[in-house]
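First comes the structure, then the notes that go with it.
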Amino acid sequence: MDFSSPIPLQAFLILAALLFCIGVWGLINSRNAVRVLMSIELMLNAVNLNLMAFSNYVDGQLIRGQVFAIFVITVAAAEAAVGLAILLSLYRNRETVDMERFNLLRW
Amino acid sequence: MTIASTTEQICFLVLSATLVLGSLGVVLLPNIVYSAFLLGGVFLSVAGLYLLLNASFVAAAQVLVYVGAVNVLILFAIMLVNKKEDLSSIPSLLTRRLLSGAVCLGLFILLIRVAFTTAWPLPGPASIGEEATVRIGEHFFSDYLLPFELASVLLLMAMIGAIVLARRDVFASDVITGEPADQGLIEKARTPLLIERPKQSQTP
């Protein structure tokens, strides 16, 4: 491996893509509702990593990617709070966290 | 070959290995408490990658918000809902896992192809490095002022909404006996509304 050149942009992009795909897989396949929320956080982090990489490599002077990343972090915090509150009230009403049994509105 | 770039490469390799292994652990481990702690590790390694990308302010915000708030919130939620339940097995679970794995692999290959075939406008302007915090502040109070204020309104709405959603139904005084009830400590035994009960026999 070449240790002399700086890290290319594509390395960060591939890392973020891998993190996003792991998050999508976990989102589809989790039975526990808390793990679904964790997978959503993984996907948001992947998007943030992309924004930061572009901000550093392409937009080095006006770092607009970092500003957007901060907004994404804010929205993610709000989403985590509301999501966990919904999860708690759901658990209180159905006494389970199994995603397969949250099917009241399905058919 | 400079020492700085070598250190950068080694840091990137270590952080990305931690990131990938940690996120695989978050998704795959059967014990959800381990998953939550590994999620904290994933957030910390993402903060380290932000430091490699010359963004110290966002790295600090990541540690404060994600590790300090979101991860702790998830741990509290796990403690509140962590009832041992044996999940009923559903048919075609393996098919679903394989199919979604194939879809995710396809998405990953597509994203790799996009990353390598797109002509990024590189090299861009030189990074401003540690001036980034000042520049973020200028952005927030000039051209991104409206989203900044809207974000504060959003946080307020999320806080009130979370309190309203997660609040327990505790009456200040008991409806039946009339005795005052302690607001914070007693949760009334109430029948959950939406549980599937066994069908009661119809009385004619």
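Order-wise, the sequence lines are chains A and B.
For the first sequence, counting from 1, position 59 maps to 1010 in our numbering; every step adds exactly one.
For the second sequence, counting from 1, position 12 maps to 679 in our numbering; every step adds exactly one.
For each residue, glycine too, the CB sits at the ideal point set by N, CA and C.
At a CB-CB cut-off below 7 Å, which residues of chain A make contact with F775 of chain B? A968, L969 and C972
Under 7 Å between C-beta atoms, does I1101 of chain A make it to chain B? Missing from the structure shown is residue 1101 of chain A; chain A here goes from 952 to 1058 and no further.
Can you look up N738 of chain B in the DSSP assignment and give me helix, strand or coil? helix
Are the C-beta atoms of L1035 of chain A and some chain B residue less than 7 Å apart? yes
Quick check on N983 of chain A: does DSSP put it in helix, strand or coil? strand
Do we get a CB-CB distance below 7 Å when we pair N1007 of chain A with the residues of chain B? yes
For the alpha helix (DSSP H) containing R780 of chain B, list its first residue and its last residue. L760 to T784
Using beta carbons (cut-off 7 Å, strictly below), is M994 of chain A in contact with chain B? no
Which residues in chain B have a C-beta closer than 9 Å to the C-beta of N980 of chain A? List them in chain order. V694, L760, R763, R764, S767 and G768
How is the alpha helix (DSSP H) around L872 of chain B delimited, first residue to last? This structure does not reach residue 872 of chain B, given that chain B is present from 668 up to 871, and the question cannot be answered.
I'd like to know if D964 of chain A contacts chain B, where contact means its C-beta is closer than 7 Å to some C-beta of that chain. The displayed chain sequence assigns Leu, not Asp, to residue 964 of chain A. Answer yes: the Cβ-Cβ gap between L964 of chain A and chain B drops below 7 Å somewhere.
With 16 other Cβ atoms within 10 Å as the buried cut-off, status of F743 of chain B: exposed
Of the residues B:I757, B:V725, B:Y701 and B:S723, which one's Cα is nearest the Cα of I741 of chain B? B:Y701
Span of the alpha helix (DSSP H) around Q1012 of chain A: From DSSP, Q1012 of chain A is part of no alpha helix (DSSP H); its letter is neither H nor E.
Along the stretch 706-719 of chain B, where does the CB come closer than 8 Å to a CB of chain A? Name the residues. L706, V709, F710, V713, L716, Y717 and L719
Closer than 9 Å by beta-carbon distance: list the chain A residues that pair up with I741 of chain B, in chain order. V985, L988, M989, E992, A1031 and L1035
Assign A984 of chain A to buried or exposed, taking buried as 16 or more other Cβ atoms, counted over all protein chains shown, within 10 Å of its Cβ. buried
Contacts that L960 of chain A makes with chain B (C-beta to C-beta distance below 9 Å): A782, W787 and L789
Among B:N698, B:T762 and B:G707, nearest to K751 of chain B - alpha-carbon criterion: B:N698
Could you compute how far the alpha carbon of L774 of chain B sits from the alpha carbon of N1001 of chain A? 16 Å
Is A612 of chain B close to chain A, meaning its C-beta is less than 7 Å from at least one C-beta of that chain? The structure shown does not extend to residue 612 of chain B, since chain B is modelled only from 668 through 871, so no value can be given for it.
Curious, which full-length alpha helix (DSSP H) runs of at least 4 residues does the stretch 793-835 of chain B contain? 799-808 and 812-833
Below-7 Å beta-carbon distance, G828 of chain B vs any chain A residue: yes
Taking 7 Å as the CB-CB limit, is L731 of chain B close to chain A? no
So what does D1049 of chain A bridge to, in DSSP terms? A:N983
Taking the CB atoms as reference points, tell me whether V975 of chain A and S981 of chain A lie closer together than 7 Å. no
Quick check: the stretch 672-682 of chain B against the stretch 721-736 of chain B, are at least 3 beta-carbon pairs closer than 8 Å? no
Would you report the Cα separation of G692 of chain B and G708 of chain B, rounded to the nearest angstrom? 10 Å
Would you kindly work out how many angstroms separate the C-alpha atoms of N1054 of chain A and A833 of chain B, rounded to a whole number? 21 Å
Just to confirm, is the Cβ distance from A1020 of chain A to V725 of chain B under 7 Å? yes
Using only the alpha-carbon positions, how far apart do T762 of chain B and L711 of chain B sit? 34 Å
Grab the span of the alpha helix (DSSP H) containing Y717 of chain B for me, first residue to last. I699 to L719
Suppose the cutoff is 7 Å on Cβ atoms and the five residues either side in sequence are ignored; what does the same chain contact list for F963 of chain A look like? L1000 and A1004
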